[in-house]
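Presented below is the structure to which this report refers.
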Amino acid sequence: MNSEKIKNSLNISPAIRVGVLGFGGLGQAAAKVVAGKQEMILVAAADHKGYAYAADGLNTEESIAIYQSQGSVGYLEPIGTLTNQSIQDLIEIAEVDGYFLALPNLPNDFIPTVAKEFIKSGWRGVLVDAIKRTTAVEQLLAMKEELEAAGITYMTGCGATPGLLTAAAALAAQSYAEIHHVEITFGVGIANWEAYRATVREDIGHIPGYTVEIARAMTDAEVEALLDKTNGVLTLTNMEHADDVMLEIAGIVGRDRVTVGGVVDTRNPKKPLSTNVKVTGRTFEGKISTHTFTLGDETSMAANVCGPAFGYLKAGRQLHQRGIYGIFTAAEIMPQFVK
Ligand code: NAD
212 MNSEKIKNSL
222 NISPAIRVGV
232 LGFGGLGQAA
242 AKVVAGKQEM
252 ILVAAADHKG
262 YAYAADGLNT
272 EESIAIYQSQ
282 GSVGYLEPIG
292 TLTNQSIQDL
302 IEIAEVDGYF
312 LALPNLPNDF
322 IPTVAKEFIK
332 SGWRGVLVDA
342 IKRTTAVEQL
352 LAMKEELEAA
362 GITYMTGCGA
372 TPGLLTAAAA
382 LAAQSYAEIH
392 HVEITFGVGI
402 ANWEAYRATV
412 REDIGHIPGY
422 TVEIARAMTD
432 AEVEALLDKT
442 NGVLTLTNME
452 HADDVMLEIA
462 GIVGRDRVTV
472 GGVVDTRNPK
482 KPLSTNVKVT
492 GRTFEGKIST
502 HTFTLGDETS
512 MAANVCGPAF
522 GYLKAGRQLH
532 QRGIYGIFTA
542 AEIMPQFVK
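Given below as structure tokens:
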């Protein structure tokens, strides 16, 4: 399949060489998404304990199997390497056009720190994250000039929310002369929390009485005890979500008019509610109306995060090839569909 991809690409333009940093729930889903694409080839993956790199493409099934059985893609023979600085080591040796950062943002400046590593290394290319908190996106936005000078095109907030739903809000806003409210409500159903540990920990950080630091420090047993109390369900309201700052800097609506909340069921893959974004505004004729964009209930969190992430990676690649560097959000750029 991979050699076929390379052959096919010889006739058109070369497949985009992608890497996935973080090989947990979303990282593995990302590898599966890329496996079905002709325009992209997964050449690198990294986790906490190691990395794997193959210029002619990683075998997705083998990579996932080794991660699940041994805890790191670094055990993949002969292309894996075990190291406790997998990201730095991978940047040094790998030829990659763009990375999807499927990393936990714990602590809240972890992904900005990784971005700094890329800047320091002299690597040039596209970075995409699916980061969630407003304060984390703000840290990245503050790095605009450094990213520009480094020749990096960084696409931030490019998952589902922020990401797909923020972009949908930006599009829906076009009908209105004035936007009154953007309300995002998400429903996530996952069979077990261990498949998405970082996502669940970060969500716990939004519960009143908890913080990112408290959630980060919780042991797995403590997370389970908390989930036992709620029957596996986390209900989140008024979250600190970067959809607000993204829509604000895109000039669409002030951040105080953007609200995000949702329900996460960690014991049932069925969504507890339909994920949607409602955009209320006034048309030029003075009519108040609401556009609603609702995701299909059959689409998983992984599908709604990884699809957009690679769509934005492709868009970022086009910007990069035109010499446009710096940082862009999902509300400013249209994702490109990856064939
Ligand atoms: P996870 O816990 O399942 O996996 C995290 C992975 O990162 C693991 O493979 C781990 O080994 C690796 N990792 C941790 N520290 C590392 C390091 N220093 N170097 C290299 N690898 C390291 O995580 P997940 O549940 O897949 O979530 C990933 C991220 O996606 C989270 O930050 C989450 O908030 C985000 N997310 C975003 C959205 C969205 O819509 N925007 C939705 C869901 C999740």
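In our numbering, the protein residues as written are 212 to 550. Glycine included, C-beta positions come from ideal geometry on N, C-alpha and C.
Bridge-paired residues (DSSP) for residue i
{"i": "I227", "result": "M251"}
{"i": "Y264", "result": "A255"}
{"i": "K489", "result": "E394, T503"}
{"i": "M545", "result": "M545 pairs with nothing; no bridge assigned."}
{"i": "Y365", "result": "L338, I538"}
{"i": "L232", "result": "A257, L312"}
{"i": "G370", "result": "G374"}
CB-CB length for residue i against residue j, believed under 8 Å
{"i": "L524", "j": "V229", "result": "7 Å"}
{"i": "L351", "j": "P323", "result": "5 Å"}
{"i": "L458", "j": "N487", "result": "That pair is no contact at about 16 Å."}
{"i": "A326", "j": "A255", "result": "About 17 Å separates the two Cβ atoms, so there is no contact after all."}
{"i": "R412", "j": "L312", "result": "17 Å between Cβ atoms; not a contact."}
{"i": "G473", "j": "V399", "result": "7 Å"}
{"i": "D476", "j": "G443", "result": "6 Å"}
{"i": "I463", "j": "I390", "result": "6 Å"}
{"i": "A526", "j": "M545", "result": "7 Å"}
{"i": "G537", "j": "K331", "result": "No, G537 and K331 are not in contact; Cβ-Cβ is about 17 Å, not under 8 Å."}
{"i": "V231", "j": "A246", "result": "About 11 Å; that fails the 8 Å criterion."}
{"i": "H502", "j": "A383", "result": "4 Å"}
{"i": "K343", "j": "H259", "result": "Not quite, the Cβ-Cβ distance comes to about 20 Å (not below 8 Å), so this is no contact."}
{"i": "N270", "j": "V423", "result": "With 8 Å as the limit, N270 and V423 do not qualify as a contact, their Cβ atoms being about 35 Å apart."}
Residue j beta carbon less than 9 Å from that of residue i
{"i": "V456", "j": "E349", "result": "yes"}
{"i": "I460", "j": "E357", "result": "no"}
{"i": "I275", "j": "I252", "result": "no"}
{"i": "G333", "j": "D308", "result": "no"}
{"i": "F495", "j": "T367", "result": "no"}
{"i": "S386", "j": "G492", "result": "yes"}
{"i": "L301", "j": "Y278", "result": "no"}
{"i": "L437", "j": "A541", "result": "no"}
{"i": "I401", "j": "G236", "result": "yes"}
{"i": "Q273", "j": "L287", "result": "Note on residue identity: the sequence assigns Glu, not Gln, to residue 273. In contact: E273 and L287 (Cβ atoms closer than 9 Å)."}
{"i": "I415", "j": "A432", "result": "no"}
{"i": "I395", "j": "T470", "result": "yes"}
{"i": "F321", "j": "A361", "result": "no"}
{"i": "K482", "j": "D454", "result": "no"}
{"i": "Q249", "j": "K550", "result": "yes"}
{"i": "A371", "j": "P519", "result": "yes"}
{"i": "A566", "j": "P315", "result": "Past the boundaries of the shown model lies residue 566; the chain is included only from 212 to 550, so the question cannot be answered."}
{"i": "V490", "j": "F504", "result": "yes"}
{"i": "G233", "j": "A257", "result": "yes"}
{"i": "Y310", "j": "G291", "result": "no"}
{"i": "G522", "j": "C369", "result": "yes"}
Residue-chain proximity (residue i, chain D), Cβ-Cβ < 9 Å
{"i": "R478", "result": "The question asks about chain D, but that chain is absent: this structure has only one protein chain."}
The ligand ATP heavy atom lying under 8 Å from the CB of residue i
{"i": "D455", "result": "No copy of the ligand ATP appears in this structure; the ligands present are the ligand NAD."}
task = Any chance you could list the beta strand (DSSP E) runs of at least 3 consecutive residues sitting entirely within the segment 281 to 358, in chain order?
result = Complete beta strand (DSSP E) runs here, min 3: 291 to 293, 309 to 312, 336 to 340.
Inside the segment 432 to 485 only - beta strand (DSSP E) runs reaching at least 3 residues = Taking 3 residues as the shortest admissible run, the segment 432 to 485 contains the following complete beta strand (DSSP E) segments, listed from N- to C-terminal end: 444 to 447, 469 to 476.
query = What beta strand (DSSP E) runs, 3 residues minimum, are completely inside the segment 379 to 403?
reply = Annotation: the segment 379 to 403 contains the following complete segments of the beta strand (DSSP E) (minimum length 3 residues), in chain order: 389 to 400.
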